[in-house]
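Below is one structure; the comments refer to it alone.
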Amino acid sequence: MKEKKRPVEVVVISDVHLGTYGCHAEDLLRYLKTIQPKKLILNGDIIDIWQFSKRYWPASHMQIVKHITGLLSKGTEVVYITGNHDEMLRKFVGFNLGAFSIENKVVLDLDGQKTWIFHGDVFDVTMKHSKWLAKLGAIGYDTLILLNTFVNFISKLVGKGKISLSKKIKDGVKSAIKFINDFEQTAADIAISNQYDFVVCGHIHHPQMRKVKSEKGQVMYLNSGDWVENLTALEYNNKSWRLYNFTEDPVAMSIKVNKKSKRAMNTDDIFRDMVNEFLIVK
């Protein structure tokens with residue numbers, strides 16, 4: 001018997017990083033199987049185009065694409081907002097195919113309140129001036145996630161819980177904490193100056209939901225987090241936003257997914273399969 005899906009007005013997910021070892025595609029698929037959103041916002045870095053050269057594309061990653069196209073066929077509006085790891089898609093901004101569109105940002109009017117949604121990499125000086133350095137950092141991050149997987153495997157064997165090496169590093173480095181605080185404040189300040197009620201970002205892998213005040217006003221800052229470390233999303237229902245956490249959802253965690261074997265694909269194969277999926281629901 002199929003589980004009844006939760007109706008949700010708006011769902012925002014970001015930083016899935018399909019095509020990398022750290023992506024929790026199966027957990028994301030479990031979550032998506034429990035909801036029926038009217039609007040799904042893919043807020044950047046869903047597909048990690050920077051890492052495609054590794055030819056790592058497990059079947060579970062393709063299942064995410066298939067599930068999203070399945071939502072499209074059932075009436076869900078899907079908006080893909082570009083990020084830095086999928087910046088190649090920026091040349092297609094403004095593209096529309098039925099209920100699917102690609103944008104750099106969106107502003108939603110939800111129950112009389114304006115919500116500004118964008119990925120957030122526009123604030124990152126590294127992305128603007130030293131892209132090769134940013135890519136090097138991404139490779140290092142991917143390696144750290146691999147190491148983290150091994151550490152958690154050992155931790156599980158000895159009866160201990162999971163740990164996040166990258167979170168420990170970020171929490172222990174003052175410059176990382178300052179970057180996150182500056183990022184949130186910058187997003188909030190611009191949102192306040194434009195009289196938005198909410199501002200929604202991704203990019204920094206730091207789920208958050210807090211009110212930010214300044215001399216010019218206030219705004220609710222939200223960050224959807226990621227599906228590499230935090231496994232979080234944002235949901236809007238009944239005139240309010242909430243921060244969803246997969247690890248606190250026993251229903252989603254109990255969902256069974258088909259565990260198919262991994263397969264190596266080149267970039268052309270990956271894009272061909274994805275394009276074919278979207279053409280099916282045109």
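No gaps in the numbering here: position 279 of the sequence shown is 279 in UniProt numbering, and each next residue is one more.
Don't be surprised by glycine CBs; every beta carbon is placed ideally from N, CA and C.
Buried or exposed, going by whether 16 or more other CB atoms sit within 10 Å of the CB of residue i?
i, result
"L32", "buried"
"S224", "buried"
"F92", "exposed"
"T247", "exposed"
"M220", "buried"
"I113", "A small fix is needed here, since residue 113 is Gln in this sequence, not Ile. By the neighbour-count rule (16 or more Cβ atoms within 10 Å), Q113 is not buried but exposed."
"L97", "exposed"
"Q218", "exposed"
"P250", "exposed"
"R210", "exposed"
"R90", "exposed"
"Q195", "exposed"
"S14", "buried"
"N258", "exposed"
"G159", "exposed"
"N181", "exposed"
"D86", "buried"
"D111", "exposed"
"D109", "exposed"
If I measure Cβ to Cβ from residue i and keep anything under 7 Å in the same chain, skipping five residues before and after, which residues do I get?
i, result
"P7", "Q36"
"K216", "I192, S193"
For residue i, report the span of its beta strand (DSSP E) as first-last.
i, result
"D109", "105-110"
"E235", "232-237"
"K114", "113-118"
"E9", "6-13"
"P207", "No beta strand (DSSP E) contains P207, which DSSP labels as neither H nor E."
"F198", "198-201"
"Y80", "77-81"
"residue 296", "Outside the displayed span of the chain (1 to 282) sits residue 296, for which this structure offers no information."
"W50", "W50 -> no beta strand (DSSP E), and no H or E assigned at all."
"L40", "35-43"
Shortest alpha-carbon distance to residue i belongs to which of the options?
i, options, result
"D48", "N181, V106, H61, L40", "H61"
"K5", "Y56, A252, W241, E184", "A252"
"K38", "Q63, L72, L18, H203", "L72"
"C201", "V106, T69, I64", "V106"
"T76", "F118, D86, V11, L108", "V11"
"I81", "I64, F100, V228", "F100"
"W57", "D109, L18, W241, L234", "L18"
"F123", "I190, T69, K74", "I190"
"V79", "G44, M88, D111", "G44"
"D197", "N181, N230, K239", "K239"
"A59", "N230, Y21, K178", "Y21"
Taking the alpha helix (DSSP H) that residue i falls in, what are its first and last residues?
i, result
"S73", "59-73"
"P250", "250-253"
"E26", "25-32"
In chain order, what residues of the same chain lie with their CB nearer than 6 Å to the CB of residue i, ignoring the 5 residues before and after it?
i, result
"Q208", "N223"
"H203", "H119, G120, D121"
"residue 329", "The chain is shown only over 1 to 282; residue 329 falls outside these bounds and no answer can be derived."
"W132", "Any reading at W132 is ruled out, since the residue's pLDDT is 41, under 50, leaving its predicted position unreliable."
"E235", "V8, V11, R242, Y244"
"N237", "V8, E9"
"Q63", "L29"
Among the residues of its own chain, which have a CB less than 8 Å from the CB of residue i, if the five just before and after it don't count?
i, result
"A188", "V199, V212, S214, V219, Y221"
"T232", "P207, S224, G225, D226, L243, Y244, N245, F246"
"T34", "E3, K5, R6, D249, V251, A252, I255"
Subject >> Within the stretch 210-234, ranges of the beta strand (DSSP E) (whole runs, at least 3 residues) >> reply: 217-223
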